[in-house]
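Novice:
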Amino acid sequence: MNSLTNRTYTYMFLIPAGIIYFVFFLLPTVMSLFFSMTWWSLTDWKFIGLENFKTFLTEPSLNIGFKNTIIYAIVTCGLKVILGLLLGVFLSSKLKTVSFIRSMVFFPTLLSTIAIGMAFAMMMHPTQGLINLALQAVGIVGPDWLGDSKIALLSVALVDVWKGVGMATVIFIAGIMSIPEDYYEALMIDGGNAWHKFWNIILPLSRPAMNSVIILAFIGGLRSFDLIWAMTKGGPGFSTDLIASIIYKQYQAGFYGLSTAGNVILFLLVSALAFPLYAYLNKKEVDL
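To convert a position in the sequence shown, counted from 1, into the working numbering, add 9.
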């Protein structure tokens, strides 16, 4: 009886979390799935089955949006992993100013994404932007960063990396700092140098941190919207349109059911790519 009482008492602590999970995750998910199969407005709705999904999947801009989304996710994820790892190694050393540099690297993460997007949109102006004016001062003609369809998506991706690399760096620092000193001492006894330290100790033993950065950055890239919308609104043309921005444009046009179906498709896409990636990365982890 006492064991049953303790078990019941323990389960009661799960009730508040269960209610929050149901209200803010399960219920909206089920409602989104239902309303994605309806034509709906704020006052009325009509069930239309899978018509919204058929319409969304035949959108002329969807192929471009899908390709841009994958490219954007891979570029931002790859750069955040590489730069975050290098900064993590550098900022794990015993520098006198390491705390200040860590703060400077992490600071962009604290800023509003919309504010950053608006600021960089002005800085990347082809004639009056700070970046091209600085290039002009050294005799270089800067490109139209956001107006050239060939480089607009990459320009936004680089701003995304600038904002998000701080979080990746913090995760890598935590992973590197958790490596026992015994490994480094053994390497020194064997005559290893800095490269051996990085390649044989830091890189394999920071795998859990790297996996976390990859998953977070990749999912963030697939779901990205606010920075793209603040800087280009999907332009020029459809060159920077992502799936999320296509969904928002449908919502703006009043096609609420269609945009809801797009959100369901985006959720399935993220799940279909993220879960296999997560399973693959877990197999590669090295136990400390």
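The beta carbon of each residue, even a glycine, is placed where N, CA and C say it ideally should be.
Taking buried to mean at least 16 other C-beta atoms within 10 Å of its own C-beta, is V98 buried or exposed?
Specialist: Residue environment analysis places V98 among the buried positions, since at least 16 neighbouring C-beta atoms fall within 10 angstroms of its C-beta.
Novice: Is there a Cβ from chain C that is less than 7 Å from the Cβ of N61?
Specialist: Judged by its chain identifiers, the structure shown contains no chain C, having just a single protein chain.
Novice: Helix or strand or just coil, what does DSSP make of T118?
Specialist: helix
Novice: Given that a residue counts as buried once 16 or more other Cβ atoms are within 10 Å of its Cβ, and exposed if not, what is I274?
Specialist: buried
Novice: Give the range of the alpha helix (DSSP H) segment to which W238 is assigned.
Specialist: 235-240
Novice: For the alpha helix (DSSP H) holding F227, just list the boundary residues, first then last.
Specialist: 216-232
Novice: What is the DSSP secondary structure of K63, counted as helix, strand or coil?
Specialist: helix
Novice: In its own chain, which residues sit with a C-beta less than 7 Å from the C-beta of T47, not counting the 5 before and 5 after it?
Specialist: W54, K55, F56, I57, G266
Novice: Could you check where the beta strand (DSSP E) with T47 kicks off and where it finishes?
Specialist: 47-49
Novice: Between which two residues does the beta strand (DSSP E) carrying F56 extend?
Specialist: 54-56
Novice: Spatial neighbours of N77 within its chain, please: CB distance less than 7 Å, with the 5 preceding and 5 following residues excluded, ordered by chain position.
Specialist: L162, T249, D250, L251
Novice: May I ask you to report which of helix, strand or coil DSSP gives I83?
Specialist: DSSP places I83 in the helix class (H, G or I) of the three-state scheme.
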